[in-house]
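When you line the sequence shown up against the working numbering, it's residues 23 to 264, in that order.
All residues carry an ideal CB built from backbone N, CA and C; glycine is no exception.
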Amino acid sequence: MVQTAVTTLGFDADDTLWQNEQFFRYTEGRFLDLLADFGDRATLSSRLFAVEKRNVPVYGFGIKGFVLSMMETALEVSDGRLDQSVIASILTMGREMLGHPVELLPDVRETLERLADRYPLVLITKGDLFDQERKLAASGLADLFTSVEIVSEKSASTYARVFAARGDGADKGLMVGNSLRSDILPALEAGAYAVHVPHDLTWTYEHIDEPIVHPRLFIEQYIRNVLEIIDKINENTDGLRL
Ligand SMILES: [Mg+2]
Numbered sequence: 023m024v025q026t027a028v029t030t031l032g033f034d035a036d037d038t039l040w041q042n043e044q045f046f047r048y049t050e051g052r053f054l055d056l057l058a059d060f061g062d063r064a065t066l067s068s069r070l071f072a073v074e075k076r077n078v079p080v081y082g083f084g085i086k087g088f089v090l091s092m093m094e095t096a097l098e099v100s101d102g103r104l105d106q107s108v109i110a111s112i113l114t115m116g117r118e119m120l121g122h123p124v125e126l127l128p129d130v131r132e133t134l135e136r137l138a139d140r141y142p143l144v145l146i147t148k149g150d151l152f153d154q155e156r157k158l159a160a161s162g163l164a165d166l167f168t169s170v171e172i173v174s175e176k177s178a179s180t181y182a183r184v185f186a187a188r189g190d191g192a193d194k195g196l197m198v199g200n201s202l203r204s205d206i207l208p209a210l211e212a213g214a215y216a217v218h219v220p221h222d223l224t225w226t227y228e229h230i231d232e233p234i235v236h237p238r239l240f241i242e243q244y245i246r247n248v249l250e251i252i253d254k255i256n257e258n259t260d261g262l263r264l
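Encoded structure:
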């Protein structure tokens with residue numbers, strides 16, 4: 023593959039810029055407590071995951087779909103013999119999630135500020151439109167992005183489209199994210215560079231078992247090092263820079 027210089031940066035949001043999965047884990051814990059009469063935690067948790075997976079094509083990603091999946095699981099495991107108060111509690115937990123404060127991950131603001139001076143930054147996130155807009159506003163980071171793409175699914179064609187519209191095409195784009203399945207693999211497939219910044223908590227749905235080796239893939243523990251990675255790519259490709 024011909025190495026080209028990076029001109030546009032894409033960033034995932036949830037668990038790349040701010041905490042997200044921890045709120046889902048916490049709520050799932052409360053949900054399992056609520057349903058303790060209907061099964062052990064491991065069984066209930068895998069039932070919930072099966073429902074969530076089944077519902078992704080129907081409801082998409084995000085908190086509202088999660089709430090509906092908790093209700094559906096509760097009805098299933100109780101054979102419909104559910105106290106109304108359980109449904110009320112699930113709704114309350116969902117409302118609490120939709121109001122949670124946005125907690126930036128370490129070094130995010132400083133890193134984005136430095137990068138924004140030199141490159142157009144595009145936020146590329148999937149999930150619920152309303153909630154993602156709320157979190158972006160609350161993060162205080164919105165001004166650092168030249169554009170925001172809230173998409174229903176992150177596929178190779180998503181990245182090809184976004185980097186073509188917001189930059190100079192996928193081969194000059196670089197995507198930064200915590201999810202191999204959503205941020206890294208499809209971006210590489212589209213021809214972009216990708217920096218995987220793993221997060222301690224990643225939803226089972228986003229897991230990939232096999233290790234990925236790719237000439238355009240970088241794995242980095244700290245988001246602040248993205249700057250160095252781009253410098254290195256661009257030093258090696260200066261002759262090809264258009
Ligand atoms: Mg993410």
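In this structure, does DSSP put residue i in helix, strand or coil?
i           : result
residue 262 : Note that residue 262 scores 49 on pLDDT, short of 50, meaning its location in the model is unreliable and no value can be drawn from it.
residue 145 : strand
residue 244 : coil
residue 51  : helix
residue 157 : helix
residue 176 : coil
residue 230 : coil
residue 183 : helix
residue 46  : helix
residue 87  : helix
Identify which residue in the options has its Cα closest to the Cα of residue i.
i           : options               : result
residue 43  : 178, 220, 240 and 242 : 220
residue 180 : 41, 208, 68 and 129   : 208
residue 147 : 28, 35 and 30         : 35
residue 62  : 100, 89 and 132       : 100
residue 97  : 128, 59, 119 and 127  : 59
residue 240 : 223, 200, 225 and 226 : 200
residue 186 : 130, 161, 213 and 166 : 213
residue 232 : 251, 259 and 203      : 203
residue 112 : 140, 78, 71 and 56    : 56
residue 79  : 227, 238 and 255      : 227
residue 141 : 102, 30, 230 and 71   : 30
Taking 8 Å as the limit between beta carbons, can you name the residues of its chain near residue i, skipping five residues before and five after?
i           : result
residue 236 : 210 and 216
residue 133 : 245, 246, 248 and 249
residue 243 : 219 and 220
residue 37  : 43, 127, 200, 201, 221, 223 and 224
residue 69  : 61, 95, 98 and 99
Can you give me the Cβ contacts of residue i inside the same chain, cut-off strictly under 7 Å, excluding the 5 residues immediately before and after it?
i           : result
residue 122 : 45
residue 174 : 82 and 148
residue 166 : 134, 135, 138 and 143
residue 104 : 96 and 97
residue 264 : Because residue 264 carries a pLDDT of 41, less than 50, the predicted location of this residue cannot be relied on, and the following value inherits that uncertainty. Excluding residues within five positions, none has a Cβ falling inside 7 Å.
Can the beta-carbon of residue i be found closer than 9 Å to that of residue j?
i           : j           : result
residue 170 : residue 145 : yes
residue 124 : residue 176 : no
residue 130 : residue 225 : no
residue 195 : residue 89  : no
residue 53  : residue 119 : no
residue 65  : residue 259 : no
residue 93  : residue 49  : no
residue 198 : residue 190 : no
Tell me residue i's beta-bridge partners as DSSP assigns them.
i           : result
residue 169 : 144
residue 40  : 36 and 126
residue 30  : 195
residue 216 : 197 and 239
Got a sec? Which residues, its chain only, sit under 6 Å from residue i by beta carbon, not counting five neighbours each side?
i           : result
residue 193 : 26 and 213
Quiz item: Quick one, what's near ligand 3 if you take every residue whose CB is closer than 6 Å to any heavy atom, in chain order?
Solution: Of the ligands this structure carries, namely ligand 1, none is ligand 3.
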